[in-house]
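Reading through the structure tokens given below for one structure.
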Amino acid sequence: MSNLTKYQGIFPAFYACYDDHGEVSGARTRALTEHLIQKGVKGVYVGGSSGECIYQSVADRKLVLENVMDAAQGRLTVIAHVACNNTRDSQELARHAEKLGVDAIASIPPIYFHLPEASIAGYWNDISAAAPNTDFIIYNIPQLAGVALTMPLLREMLKNPRVVGVKNSSMPVQDIQMFKDEGTKNGRGFVVFNGPDEQLISGLIMGADGGIGGTYGAMPELILKLYALTKEGKLDDARKLQYDVDNIIYALCAPKCNMYASIKEVLRRREGLDIGGVRAPLANYAPADDEKIAYAVKLIDEAMKRWA
């Protein structure tokens, strides 16, 4: 069992970084990694939804992780999401991630076919077996994967000693309590990450060790402050900041373009950081989105003055 304190804190879900032709850019990937390090986050979650994993090839995903690890140089806890919609490619990414020295690999369940829980457990355990010296984190996101992590499935997965936690993106905060309680029985160490950015304060209060979020990269200072206030028991301030964060999230979702395209445009405007656009069929930023993007920038700037 590894030292699980490395998973306590704020983990931005890493964005896909493309060049001007829509191909994975090593230079821009390294630049985003360094940017997040300088902001003071605990780690990054690479290759998940925010990384547009389902629109990338195995080679693309390897290239992203290679450049994150090259830039991080041990300064971040790195969790690599390696799931593909077949076991063979997932295992290839798991082996690659372990070879690079990531702290943990993670996986959603297989999507599209509604598999029985025995098949899901087999899929996860086969992936874990391909990286036998690396921690494994279950990614529970039923609203997108189409299947939820149940208590019987979690109990089955806890037979695998490499399973150290859950990234929980289901909306019921109760799930965090249930997963944490089950995972820590018999003195076992177990971590749970809050997934829904809109309820970070709630997840932390219910026992989450940290947060992994798709909007964190747009405003890491605010998320770090929210984490600190909650951990310090300053819950009135934490609640007020959570409201500010939620209003920013709603603003980031308001343009016609995809939310990650909104965030990338915000990073260009606020930080001078160009990490490209998003891949089709996701909708890219267009000038028609300017007013709403500007409003999101305004909200972040105002919240920074109040809190950061």
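Reminder that position 19 of the sequence shown reads as 1045 in the numbering used here, one-by-one numbering, no gaps. Built from N, CA and C at the ideal position, the CB exists for glycine as well.
Pairwise C-alpha distance: residue j and residue i
i        : j        : result
Leu-1030 : Val-1070 : 15 Å
Ala-1306 : Tyr-1081 : 8 Å
Gly-1215 : Gly-1209 : 7 Å
Pro-1135 : Ser-1083 : 18 Å
Ile-1202 : Asn-1310 : 34 Å
Ala-1097 : Cys-1279 : 30 Å
His-1140 : Cys-1110 : 15 Å
Glu-1092 : Asn-1194 : 26 Å
Val-1072 : Gly-1052 : 14 Å
Leu-1126 : Cys-1079 : 18 Å
Arg-1101 : Glu-1182 : 33 Å
Asn-1166 : Asp-1046 : 33 Å
Ser-1228 : Gly-1236 : 11 Å
Val-1199 : Arg-1265 : 16 Å
Residue i: first and last residue of the uninterrupted beta strand (DSSP E) it sits in
i        : result
Val-1217 : 1217-1220
Ala-1106 : 1103-1107
Ile-1036 : 1035-1038
Distance between beta carbons of residue j and residue i, contact taken as under 8 Å
i        : j        : result
Met-1204 : Pro-1222 : Contact flag wrong, Cβ pair sits at about 16 Å.
Thr-1055 : Val-1090 : 6 Å
Val-1189 : Phe-1162 : 5 Å
Arg-1121 : Ala-1155 : Contact doesn't hold; Cβ gap of about 10 Å is too wide.
Ile-1137 : Thr-1160 : Going by Cβ atoms, the distance from Ile-1137 to Thr-1160 rounds to 23 Å, so no, they are not a contact pair.
Leu-1255 : Asp-1263 : 5 Å
Glu-1124 : Thr-1176 : Actually they are not in contact, since the Cβ atoms of Glu-1124 and Thr-1176 sit about 28 Å apart, beyond 8 Å.
Ile-1146 : Leu-1184 : The pair is not a contact, with the Cβ atoms about 14 Å apart (cut-off 8 Å).
Cys-1043 : Leu-1062 : Incorrect: roughly 12 Å between the Cβ atoms, too far for contact.
Tyr-1253 : Gly-1035 : 7 Å
Chain-order list of residues whose beta-carbon lies under 6 Å from that of residue i (same chain, five-residue window excluded)
i        : result
Leu-1308 : Asn-1284
Lys-1290 : Ile-1301
Gly-1074 : Ala-1039 and His-1107
Asp-1270 : Ala-1329
Where residue i falls: helix, strand or coil (DSSP)
i        : result
Phe-1205 : helix
Tyr-1165 : strand
Pro-1018 : Residue numbering for the chain in the displayed model covers 1027 to 1334; residue 1018 lies beyond these limits and cannot be assessed.
Ile-1134 : coil
Lys-1088 : helix
Lys-1290 : helix
Pro-1313 : helix
Ala-1098 : helix
Lys-1068 : coil
Tyr-1044 : strand
Ile-1238 : strand
Asn-1212 : helix
Val-1192 : strand
Val-1019 : The requested residue 1019 does not occur in the structure, where the chain is confined to residues 1027 to 1334.
Val-1173 : coil
Val-1199 : coil
Neighbourhood of residue i by C-beta, 8 Å cutoff - its chain only, sequence neighbours within 5 removed
i        : result
Ile-1326 : Ala-1244, Met-1245, Leu-1248, Ile-1274, Val-1292 and Arg-1296
Tyr-1321 : Ala-1277 and Ala-1280
Gln-1169 : Ser-1195, Ser-1196 and Met-1197
Ile-1164 : Ala-1132, Ser-1133, Trp-1150, Leu-1175, Leu-1180, Met-1183, Val-1189, Gly-1191, Val-1192 and Lys-1193
Lys-1257 : Leu-1230
Gly-1048 : Gly-1302, Gly-1303 and Arg-1305
Cut-off 7 Å between Cβ atoms - residues of its own chain near residue i, not counting five sequence neighbours on either side
i        : result
Ser-1076 : Ala-1039, Phe-1040, Tyr-1041, Gly-1240 and Tyr-1286
Pro-1281 : Ser-1288, Asp-1315, Lys-1318 and Ile-1319
Gln-1064 : none
Ile-1238 : Phe-1037, Ala-1039, Tyr-1071, Lys-1193, Phe-1219 and Gly-1221
Lys-1022 : Past the boundaries of the shown model lies residue 1022; the chain is included only from 1027 to 1334, so the question cannot be answered.
Lys-1324 : none
Ser-1116 : Val-1108, Ala-1109, Cys-1110, Ser-1133 and Ile-1153
The alpha helix (DSSP H) enclosing residue i, as first and last residue numbers
i        : result
Ile-1249 : 1246-1257
Ala-1123 : 1113-1126
Lys-1266 : 1261-1279
Ile-1227 : 1226-1231
Ile-1080 : Element bounds for Ile-1080: n/a, residue is neither H nor E.
Asn-1151 : 1143-1156
Closer than 7 Å: residue i CB and nearest the ligand MN heavy atom
i        : result
Ala-1147 : In the structure on display, the ligand MN does not appear, and there are no ligands present to speak of.
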